[in-house]
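In the numbering used here, the protein residues as written are 10 to 310. Glycine is no exception: its CB is placed at the ideal position from the N, C-alpha and C atoms. Note sheet for the following structure.
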Amino acid sequence: MNQDLRILRSASSFGDAVPVGRAARGMAHAKGVALPPLDSLQTCQTSQGISAAGAAMASESLSPAVLPCPADASENEALWKAQGRDEGYERGLQEGRRIADDDIEQRAQSLAQGLVRQALEEAQRATRKQQQELQARTQELARRLEAVDRLMEQMAAERKRSLEAAEDDMLELSFEALCRVIGDQLASREGVRAVLHKTLQAWHGRHPLSVHLHPDDLALLQGDVVTLDHLSSRGFDAQRQTLRWVADAEVRLGGCLIRAGEGALDARLEHQLEALAARLVEIRASRKHAALQALAQERMA
């Protein structure tokens, strides 16, 4: 026991104590047993020699001066406690910083993920809203286009019905206008001449030939050189008795009637206009019949 105390006192004087052993008296941390340096330890062992010779030599080599040792081991214990407390504080501080950094990083990641998720949800909601608005506008446009198509079809059908209803009136007006135009043209020498030439082109009969004209028209053509030359070129000549002019009051102005032994060719204007009117009426009736058939087929479809 005395040897241990002397060793401890000697080691503490050097300041290089190394903690060894277990804690005594129920302490939670190990207490250090101060071990002096190797040279001082050898000195202590020399002073503690077992043999008499060694003891004598030691007593001579060791002067009455005493090795410096601490006054009390409690100072070392307090020093060790303070050192352990500082080290524990430092380790706790570092561990706390690490935990705080990890917590901050986790919170930052969680916050970033939440912001990204929120932004994504808002973008998805905005996209869905835009798609719904676009779909609604597309449907509205389609409905309007359908309404326009129906309106165009109704307008076309109404126009067709209006034209069909007014076609008879239009036909009558057109015929009257045609009669006036033809009448004005045939009132001249050129008009009457044209009618006669047209009639002679359609005539394939033999001689002699009688040409029936209104008295006023006959007065225009009987001395007309152009007409006489045309008739002569076709073999009709009054002097050779192959042509006979007849003033006929039954023939209206602008008309012409050719008679011969084998038949007659009626080119009177009133008869031509009557034939034209009949043809127009026939065409009109045919078109009405075709329109009714088309309407019936549409209803059946």
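The beta carbon of residue 240 sits closer than 8 Å to the beta carbons of 209, 246, 252 from its chain, once the five residues preceding and following it are set aside; these are given in chain order. Rounded to the nearest whole angstrom, the C-alpha separation of residue 133 and residue 118 is 22 Å. Within the same chain, and ignoring the five residues on either side of residue 260 in sequence, the residues whose Cβ sits closer than 7 Å to its Cβ are 221, 222, 223, 266, 277. Beta bridge pairing from DSSP links residue 204 with no other residue. By the Cβ test, the region 224-244 is not in contact with the region 300-309, since fewer than three Cβ pairs between them sit closer than 8 Å. Sequence-distant partners of residue 155 (beyond 5 residues in either direction) whose C-beta falls short of 8 Å from its own C-beta are missing from its chain. Between the beta-carbon of residue 230 and that of residue 202 there is about 6 Å, and that keeps the pair under the 8 Å contact cut. Contact between residue 263 and residue 200 holds, since their C-beta atoms are separated by about 6 Å, short of 8 Å. Annotation for residue 252: the continuous beta strand (DSSP E) segment containing it runs 252-256. Only buried fits residue 204, as 16 or more other CB atoms lie within 10 angstroms of its CB. Taking a 10 Å sphere around the C-beta of residue 160, we find fewer than 16 other C-beta atoms and assign the residue as exposed. Beyond the five residues adjoining it in sequence on each side, residue 129 comes within less than 7 Å, by CB distance, of no other residue in the same chain. Rounded to the nearest angstrom, the gap between the Cα atoms of residue 273 and residue 225 is 22 Å.
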